[in-house]
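Below: the structure, in C-alpha cells.
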Ligand SMILES: O=c1ccn([C@@H]2O[C@H](COP(=O)(O)OP(=O)(O)O[C@H]3O[C@H](CO)[C@@H](O)[C@H](O)[C@H]3O)[C@@H](O)[C@H]2O)c(=O)[nH]1
C-alpha cells in the first residue's frame, strides 16, 4: 500500500464540504471535537482503474512538495488538486475528518479521512510527529491579518474570509470606524475575529500582533486615510499614514515571514482614462496617472509592494532559497456601495459622508435636504459623470479570491480591476435609489467637483478569467440593501439594529 502525506494550503474547505453530498463529511466538527490525536496526515491508496489517476495525483503532489522544499514535511498542494481528491472520494468514503493546524508550518491545514468502504481510493489516518496542532472544532483554511478590518470594505472582507473558513486577526486604529462592526460580523459569521487597536504606522505594535499569531501567513491591507478632498489639505499626513504605514507593515511582515499581501488599491490610480483612446472600459494596462494626493498614495503603495515583492523573490532566488512564497495582489476597485442584505451591517462614515450613495441615503432619511449633483455638462448620455458601482459583498469576495489565488498560484505581483464593467451616471443612480425608496429624491445641479473625471468604468475581464470572480449583485441590489441598512439604522453602529432584523438572522 502506498502512502502519500500531504496538506492543503488554501481554499475554503468548508465550501467544498458544503457542496459534498456526503453526510459523513458534514459531521466533521462533531468528530473533531473529541478525536485524538489532532496531528494527522492524509494517506492515499488506490486500486483498480483509478490507479493511473492516483499516480498522476501523486506525481503532481510530489512536484509541489519539491517546489516547496522549505516545508520539510508538508507541501503546499494546489487546492484544485486537493478538491479533486475530495471529490474523488465523494460521499460514503470518509467517516472521520480531523483538522489540525500547525503553528510552525505556514501551510496550516491538514486533514485526514479514514475508513473507505469504496473500492478505488481509500484514505487512512496516520499521526505525524512533525505537526504542532491545536484542538479545534472549527477548520481554519489559513490565518489572515486584516488591517483596517473594522472599516467598510475591511469588515465585509473579514466576514467573507470567516465564512470561507479562514481565521482572521484585525488591526485597526478605529480612527474612522467602529468596533461594533466586529459584533455584527460575529452575529453573521457565528465567529469572532481577533482584534487589536493598532495604528498601521506603529511597527512595534504590528510586530507584537504577528508574534502573538504565528499562524498568520497573509495580510489584506486596507488601513489608510481615504478622503480625496482632505488629502490635498493635509498631504503629508496622507503620505505618512498610507505610504509610511504600508512600509512599516511590509517590514514587520518580513520579520515574521508573512509573505502574501493583498492591497486595497483603487481605480483612482488610473486618473482620467479618457485621455487615451480606447481605454474605457479601463483595462489594467491603462497607464497610471492619479489626479489627487489620495490617488498618488495608492499608486505609490502599489510601486512599493511591487518593488519589494520582486526584490524579495530575486534576492532569495539568488541565494538558492525558496522565493515563490512572496506574492502581492493590487486590487483596483471601482465605486464600492451597498450593505449587507440582512440590514445590520453597512458603511458607517464618521462625520459627513462624501460619496454619492451614502449622501443619497441621508437625503432619503431626511438628514439632508437635497443632493448636489456635481456637473451635468460631461459628454455622457445625460451629462453627468459615469462610475462603475460595485456591491460591497461582491467586492469582499474579490479579496477572498485574490488571496486564494496568491496562496495557491504564487504568481508574484499582479494587479486586478474589481468592477462590474457596467457604468452608471449620477442621474441613473438617483433614479435607481429613488425607485427603491419609493419617491423622488431632491437634487440640485451645481458645478463640477474639482478632480472628478468623466468615466471610471472597469474592464474586469482579467479578474473574471484569472480569479474566476465576477460581480453577481447589481447596482440596483446595492441600492436596495443600502436602503435597508440606512432606513433601519439611521445612527449606523451607534444604535442597536431593529429586533426583527436580528430575529431574521437567528432564524436563517
Ligand atoms: O454629492 C455628490 C457626491 C458625488 N457626486 C458624483 O457622484 C460620482 C461618484 O462620486 P463619489 O461617490 O464621491 O466617488 P468617486 O469620486 O468616484 O470616488 C470613489 O471611487 C473611486 C474609484 O472609482 C475611489 O478611488 C474613491 O476612493 C471613492 O471615493 C461622481 O461623478 C461625483 O461627481 C455628486 O454628484 N454629488
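Residue numbers (this note's numbering): 52 to 559.
Using N, Cα and C, we set each Cβ at its ideal position, and we do this for glycine too.
The structure displayed is predicted, hence computed values, not measured ones.
| Item | Value |
| --- | --- |
| Excluding the 5 residues flanking residue 363 on each side, which residues of the same chain have their C-beta closer than 6 Å to its C-beta? | 377 |
| Do the stretch 548-559 and the stretch 464-481 make contact, defined as three or more Cβ pairs closer than 8 Å? | no |
| What does the alpha-carbon distance come out to for the pair residue 456 and residue 495? | 45 Å |
| Could you give the distance in angstroms between the alpha-carbon of residue 95 and the alpha-carbon of residue 383? | Because the pLDDT of residue 95 is 30, which lies under 50, any placement of that residue in the model is unreliable, and the number read from its coordinates should be weighed accordingly. About 42 Å. |
| Residue 234 by DSSP, collapsed to three states: which one? | helix |
| With a Cβ-Cβ cutoff of 8 Å, do residue 219 and residue 249 count as a contact? | no |
| Is residue 314 near ligand 1, with its Cβ less than 7 Å from a heavy atom? | no |
| Please confirm whether residue 444 and residue 207 have their CB atoms less than 8 Å apart. | yes |
| Less than 6 Å between C-beta atoms, sequence neighbours within five positions excluded: which residues of the same chain meet that for residue 104? | A caution first: residue 104 carries a pLDDT of 41, below 50, which makes its placement in the model unreliable, though a value can still be read off. The answer is none, since no qualifying residue turns up. |
| My assumption, with CB atoms under 8 Å, is that residue 244 sits in contact with residue 200. Please give the rounded CB distance. | 7 Å |
| Buried or exposed, going by whether 16 or more other CB atoms sit within 10 Å of the CB of residue 448? | buried |
| Do three or more CB pairs link the stretch 339-347 to the stretch 414-434 at distances below 8 Å? | no |
| Take residue 440 as the anchor and find which of 522, 450, 493 and 374 has the nearest alpha-carbon. | 522 |
| Going by DSSP in three states, residue 485 sits in which element: helix, strand or coil? | helix |
| Below 8 Å, can you find three or more Cβ-Cβ pairs linking the stretch 265-277 to the stretch 309-316? | yes |
| Do the CB positions of residue 416 and residue 222 come within less than 8 Å of each other? | no |
| For the candidate residues 236, 381, 297 and 263, whose alpha-carbon lies nearest to that of residue 252? | 297 |
| On the criterion of 16 or more Cβ atoms from any shown chain inside 10 Å, does residue 559 qualify as buried, or is it exposed? | exposed |
| Nearest-angstrom Cα distance between residue 292 and residue 258? | 17 Å |
| Is it right to say residue 177 is buried, meaning 16 or more other beta carbons lie within 10 angstroms of its own, or is it exposed? | The predicted position of residue 177 is uncertain, since its pLDDT is 26 and thus under 50; a value taken from the coordinates is nonetheless stated next. Classification for residue 177: exposed. |
| Is it true that the CB of residue 211 sits closer than 8 Å to the CB of residue 192? | no |
| Residue 507: which of 331, 217 and 515 sits nearest, CA to CA? | 331 |
| Determine, using beta carbons only, whether residue 401 and residue 227 come nearer to each other than 8 Å. | yes |
| I need the straight-line Cα distance from residue 543 to residue 406, nearest angstrom please. | 16 Å |
| How would you call residue 489, buried or exposed, if buried means at least 16 neighbouring beta carbons within 10 angstroms? | exposed |
| Can you list, in chain order, the residues of its chain whose CB lies under 8 Å from that of residue 491, leaving out five sequence neighbours each side? | 485 |
| Taking the alpha-carbon positions, what's the residue 289 to residue 399 distance? | 21 Å |
| Mind checking which residues open and close the alpha helix (DSSP H) that includes residue 284? | 279-284 |
| What are the partner residues of residue 245, as DSSP defines its beta bridges? | 220 |
| Anyone know if the C-beta pair for residue 493 and residue 427 falls short of 8 Å? | no |
| Can you list, in chain order, the residues of its chain with a C-beta nearer than 6 Å to that of residue 353? Leave out the 5 residues immediately preceding and following it. | 316 and 381 |
| Taking 8 Å as the CB-CB limit, is residue 411 close to chain D? | Absent from the structure: chain D. Only one protein chain is present. |
| Assess contact between the stretch 388-398 and the stretch 513-532, defined as three or more Cβ pairs (one per stretch) separated by less than 8 Å. Is contact present? | yes |
| Could you give the DSSP three-state label for residue 526: helix, strand or coil? | helix |
| Judging by CA-CA distance, which residue of 557, 198, 235 and 540 is the nearest neighbour of residue 409? | 540 |
| Just to confirm before moving on: does the CB-CB distance between residue 499 and residue 425 stay below 8 Å? | yes |
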